[in-house]
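The sequence shown lines up with residues -21 to -1, 1 to 94 when you count with mature numbering (1 follows the signal peptide of the UniProt record, and there is no 0).
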Amino acid sequence: MAKLALVATIMACMVIVGSHGQATLSCDQVTVWLLPCVTYAVLGGNVSQLCCQGIYSLNKGYKNGDDRRSACQCIKDRAALIPGIDYTRVNQIAGLCGTKCPYKVYPTTNCSKVQ
């Protein structure tokens, strides 16, 4: 019985240590937060309050560099699917919402280098 408890404790520690460096943000969650920003990214005009709320949620959702890299890759991949997207506008959104983004998104962005 004591051995079983020891094995369970060791496995729990491995899970905790192993998950420390992994992204906790899912691409689906990032997409939900940023979907209201697509209109501005394609058509321009005004950035909606819902878009800014999504940007704030994304910034609060970052727990580590893995989250930032994962979100960057997600945004880059999903943006590439949107016809007419203007990457200059994409990269202006955080500033227009009064906050910052730790990376710029372009088709050529290397998200693995995001800190």
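Here a beta-carbon is modelled for each residue, glycine too, at the ideal position from N, C-alpha and C.
_Outcome for residue 103 when other beta-carbon atoms lying within 10 angstroms are tallied against a minimum of 16_ = This structure cannot settle anything about residue 103, because the visible part of the chain is limited to -21 through 94.
*Among residues of its own chain, excluding the 5 on either side of Ser91, which ones have a beta-carbon nearer than 7 Å to its beta-carbon?*
Arg48.
*So does the segment 77 to 92 actually touch the segment 9 to 26, counting three or more Cβ pairs closer than 8 Å?*
Short answer: they don't touch.
*Residues of its chain near Lys44, where Cβ-Cβ distance is below 6 Å and the 5 sequence neighbours each way are ignored*: In the sequence as displayed, the identity of residue 44 is Gly instead of Lys. Gln94, listed in sequence order.
*Gln71 - containing alpha helix (DSSP H), residue span*: Note, Gln71: alpha helix (DSSP H), 66 to 75.
*Within its chain, find whatever has a CB closer than 7 Å to the CB of Tyr66; leave out the 5 residues flanking it on each side and keep chain order.*
Contacts found: Val84, Tyr85.
*Excluding five sequence neighbours on each side, which residues of the same chain lie with their C-beta closer than 6 Å to the C-beta of Gly40?*
Counting only Cβ-Cβ distances below 6 Å, and skipping sequence neighbours, we find Leu4.
_Quick check on Thr3: does DSSP put it in helix, strand or coil?_
If DSSP states are grouped into helix, strand and coil, Thr3 belongs with coil.
_On the CB-based measure, 16 or more other CB atoms within 10 Å of its CB, does Val11 come out buried or exposed?_
Looking at its Cβ environment, which holds fewer than 16 other Cβ atoms inside 10 Å, Val11 is exposed.
*Leu60, buried or exposed, once every other Cβ within 10 Å from all chains shown has been counted against 16*: Exposure of Leu60 is indicated by the presence of fewer than 16 other C-beta atoms within 10 angstroms of its C-beta.
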